[in-house]
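One structure below.
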Amino acid sequence: MLIDTHAHLTDPRFEGSGEIISNMEADGLERIISVGFNEFTSAYSVRIAEANEKIYAAVGVHPSDANEVGQGYTGTLKDLASSDKCVAIGEIGLDYHYENTDKAAQHRVLTEQLELVREVNLPAAFHVRDAYGDFFEVIKNYRDRLTAGAVMHCFSGSKETALVYAEMGFYISFSGSITFKNSKAGEIISALPLSQILIETDCPYLAPTPHRGELNYPKYVRFQAEKIAEVRGLKVEDVIKITTENAYRAFPKLK
Ligand SMILES: [Zn+2]
20 MLIDTHAHLT DPRFEGSGEI ISNMEADGLE RIISVGFNEF TSAYSVRIAE
70 ANEKIYAAVG VHPSDANEVG QGYTGTLKDL ASSDKCVAIG EIGLDYHYEN
120 TDKAAQHRVL TEQLELVREV NLPAAFHVRD AYGDFFEVIK NYRDRLTAGA
170 VMHCFSGSKE TALVYAEMGF YISFSGSITF KNSKAGEIIS ALPLSQILIE
220 TDCPYLAPTP HRGELNYPKY VRFQAEKIAE VRGLKVEDVI KITTENAYRA
270 FPKLK
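For what it's worth, our numbering labels the leading residue of the sequence shown as 20, then goes sequentially.
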């Protein structure tokens, strides 16, 4: 069965996610990791996870929320990370996509959370968009502290970049964008060791083809498995089995 390793079940459009969770079995989903992007959605994700056996959480402040953090936010995240259901610190990283991003705030919040990663010894879930060069400059000084490993979520960089992180032992996670007509992800998927590939939806964003432009749901993670199967010449069921095993290895607290 499938695991959606990166979903935002806290999105108001999911209205508490009760329906998504009760349909998991029928949709072929065995686990979902609900990922926080600020203090509120991190706490909310842990709450959903603690109330539902098949849901797990990641806690962190997204680079686009770096300006909004309150004092002592890393203490709040640390408390949340102590939950049995919290499997990672994320999503954290750098995002230069939008103009007038406060790069200094993004760097400060990223490095503060990298300290937290070391303290709690959980895997890091990284969000990097239009910032792969700067991100590497930060991460190369921290790689020794990433003792529990890391995931490059919704990977959108080049094949060369993917291989650099794979070489460092990171997992490369693919979202619905790999199903888009103009996607160049095929050559990246072909080049990576299968044992380091994860799949995710990043829902409610980035619905895969044939649902592009609609609201995205965890069950659509199947389309990413289908795409990888097509590229690698494998059976979908084998890709599901491999990526699910990878998810349990990438996130040791995921049971
Ligand atoms: Zn996300």
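Glycine included, C-beta positions come from ideal geometry on N, C-alpha and C.
Small disclaimer: the values here were computed from a predicted structure and weren't measured.
How should R127 be labelled, buried or exposed, when 16 other C-beta atoms within 10 angstroms of its C-beta is the threshold for buried?
Start at 1 with the first residue of the sequence shown, and residue 127 comes out as number 108. With fewer than 16 other Cβ atoms within 10 Å, it is exposed.
Need the endpoints of the alpha helix (DSSP H) that T130 sits in, please.
Looking up residue 130 in the sequence shown gives position 111. Here the alpha helix (DSSP H) through T130 covers 122-139.
Enumerate, from N- to C-terminal direction, the unbroken beta strand (DSSP E) stretches of 3 or more residues contained entirely within the segment 68-129.
Listed in chain order, they are 74-78, 105-114.
Pairing CB atoms from the segment 111-123 with CB atoms from the segment 89-102, are three or more of them under 8 Å?
Output reads no: the segment 89-102 does not touch the segment 111-123.
How big is the Cα-Cα spacing for P227 and N71?
The residue given as residue 227 occupies position 208 in the sequence shown. The residue given as residue 71 occupies position 52 in the sequence shown. If you take the alpha carbons of P227 and N71, they lie about 26 Å apart.
According to DSSP, what are the bridge partners of A26?
On the sequence shown, residue 26 is found 7 positions in, with the first residue counted as 1. Paired residues: S53.
With distances taken between CB atoms, is the gap from A167 to A143 smaller than 9 Å?
On the sequence shown, residue 167 is found 148 positions in, with the first residue counted as 1. On the sequence shown, residue 143 is found 124 positions in, with the first residue counted as 1. The answer is yes: Cβ separation under 9 Å.
Cutting at 7 Å between CB atoms, please list the residues of its own chain near S83, excluding the five before and the five after it.
Taking the sequence shown and counting its residues from 1, the one referred to as residue 83 is at position 64. Answer for S83: D114, listed in chain order.
Is the beta carbon of A248 sitting closer than 9 Å to the one on D257?
By one-based count along the sequence shown, residue 248 stands at place 229. By one-based count along the sequence shown, residue 257 stands at place 238. Contact: yes.
Return yes when at least one heavy atom of ligand 1 lies under 8 Å from the C-beta of F242, else no.
In the sequence shown, the residue the question calls residue 242 occupies position 223. The answer is no for F242.
Among R268, F270, T263, which one has its Cα closest to the Cα of L48?
Here residue 48 refers to the residue found at position 29 of the sequence shown. The candidate whose alpha carbon is nearest that of L48 is T263.
Could you give the C-beta distance for L225 and S202, rounded to a whole number, given that I count them as a contact under 8 Å?
Against the sequence shown, residue 225 aligns to sequence position 206. Against the sequence shown, residue 202 aligns to sequence position 183. With 8 Å as the limit, L225 and S202 do not qualify as a contact, their Cβ atoms being about 11 Å apart.
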